[in-house]
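In the working numbering, the protein residues as written are 43 to 362.
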């Protein structure tokens with residue numbers, strides 16, 4: 043199958059973009075003829091004519107770019123599949139054949155907002171599990187890695203540190219608009235107990251995940267992206283996340299980590315305390331997380347599921 047991917051690449055190559063890079067590699071390995079157009083605004087029509095794809099797969103980009111690509115595909119009679127950007131919640135159904143939702147909760151929300159349920163498909167996120175070596179022994183401390191903004195809830199983690207044992211290490215690795223305020227708050231509330239580090243590269247991040255006992259994703263909003271959690275699972279580490287994040291459907295409470303209400307530092311501290319006080323429990327949950335990552339979130343299965351979605355999109359267009 044010939045697939046043209048459009049958008050999705052931020053050349054800073056942050057965590058949110060690794061999914062597309064993994065997907066391109068996975069589809070090529072499966073034998074698909076795959077092209078990628080990073081900025082479709084001016085070139086969409088020409089690329090469509092040149093590549094003659096069987097399906098256009100749209101990834102998060104600027105709204106004008108996506109609309110231009112969708113219009114070009116529609117004019118060419120090519121079916122379109124859109125990955126919904128967690129940061130942009132549409133109020134009406136975009137002009138595409140299939141909209142991919144990262145969770146069943148997101149799909150329900152969009153149906154409630156009036157979007158066409160026939161076009162909304164829940165597809166679990168995916169990761170190249172084999173690219174992250176699993177931990178072979180119990181880890182130490184708590185790790186947050188990712189963006190530092192208000193919706194990420196890292197201030198709740200800083201507050202939770204007050205209720206954690208004083209000898210427990212807490213590392214916050216990342217950058218963002220809230221970093222300076224978080225550093226000041228940590229210095230006031232828990233001086234010397236939180237280590238801030240810059241956003242790591244892939245190899246360094248994977249090692250940080252293996253070194254930690256537990257990975258925390260304290261997001262306030264359901265727009266949370268699951269990449270770090272899937273990497274933690276791949277590294278055989280449990281994840282503590284919030285019930286409103288996209289991770290609520292990925293983390294099995296008490297089996298592969300824990301789920302807590304957002305904005306509750308006491309509940310967050312208790313979940314972290316339970317997992318870090320008994321390294322054996324955390325290690326066992328991490329091993330189960332790795333097993334489930336291989337079973338549910340592996341790239342090969344994701345590519346196969348997308349193949350079925352592409353076929354359905356082509357059927358909507360009555361393309362043979």
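Positions of the beta carbon are idealized from the N, C-alpha and C atoms, including for glycine.
Exposed unless 16 or more other CB atoms sit within 10 angstroms - verdict on residue i
| i | result |
| --- | --- |
| residue 105 | exposed |
| residue 25 | One cannot answer for residue 25 here, as it falls past the ends of the chain, which runs 43 to 362. |
| residue 178 | exposed |
| residue 47 | buried |
| residue 102 | buried |
| residue 174 | buried |
| residue 346 | exposed |
| residue 49 | buried |
| residue 154 | exposed |
Residue i versus the options, residue with shortest Cα-Cα distance
| i | options | result |
| --- | --- | --- |
| residue 247 | 260, 187 and 137 | 187 |
| residue 313 | 206, 175, 178 and 244 | 206 |
| residue 382 | 70, 71 and 90 | The requested residue 382 is not part of the displayed model; the chain covers only 43 to 362. |
| residue 45 | 121, 175, 288 and 166 | 121 |
| residue 195 | 221, 181 and 208 | 221 |
| residue 237 | 244, 216 and 245 | 216 |
| residue 273 | 295, 245, 191 and 294 | 245 |
| residue 310 | 334, 259 and 289 | 259 |
| residue 190 | 148, 302 and 241 | 241 |
Rounded Cβ spacing between residue i and residue j (contact assumed at less than 8 Å)
| i | j | result |
| --- | --- | --- |
| residue 256 | residue 235 | With a Cβ gap of about 16 Å, residue 256 and residue 235 do not count as contacting. |
| residue 140 | residue 163 | 6 Å |
| residue 339 | residue 200 | Not a contact, Cβ separation roughly 29 Å. |
| residue 180 | residue 325 | 4 Å |
| residue 351 | residue 123 | 6 Å |
| residue 96 | residue 43 | 5 Å |
| residue 24 | residue 167 | Nothing about residue 24 can be read from this structure; the chain reaches only from 43 to 362. |
| residue 263 | residue 193 | 4 Å |
| residue 298 | residue 327 | 6 Å |
Whether residue i touches residue j by CB criterion (9 Å)
| i | j | result |
| --- | --- | --- |
| residue 282 | residue 317 | yes |
| residue 341 | residue 68 | yes |
| residue 183 | residue 210 | yes |
| residue 249 | residue 214 | no |
| residue 198 | residue 307 | yes |
| residue 219 | residue 261 | no |
| residue 65 | residue 348 | yes |
| residue 100 | residue 113 | no |
| residue 212 | residue 231 | no |
| residue 157 | residue 144 | no |
| residue 185 | residue 75 | no |
Per-residue DSSP class, three states only, for residue i
| i | result |
| --- | --- |
| residue 122 | strand |
| residue 335 | helix |
| residue 44 | strand |
| residue 195 | coil |
| residue 299 | strand |
| residue 71 | helix |
| residue 363 | In the structure as shown, the chain begins at 43 and stops at 362. Residue 363 is therefore absent and cannot be evaluated. |
| residue 277 | coil |
| residue 232 | coil |
| residue 53 | For residue 53, the predicted structure reports a pLDDT of 49, less than 50, and the residue's modelled location is therefore unreliable. A value from the coordinates is still provided. In this structure, residue 53 counts as coil in the three-state DSSP scheme. |
| residue 283 | strand |
| residue 251 | helix |
Check: residue i C-beta below 8 Å from any heavy atom of the ligand SAM
| i | result |
| --- | --- |
| residue 351 | With respect to the ligand SAM, the structure offers nothing, as it holds no ligand at all. |
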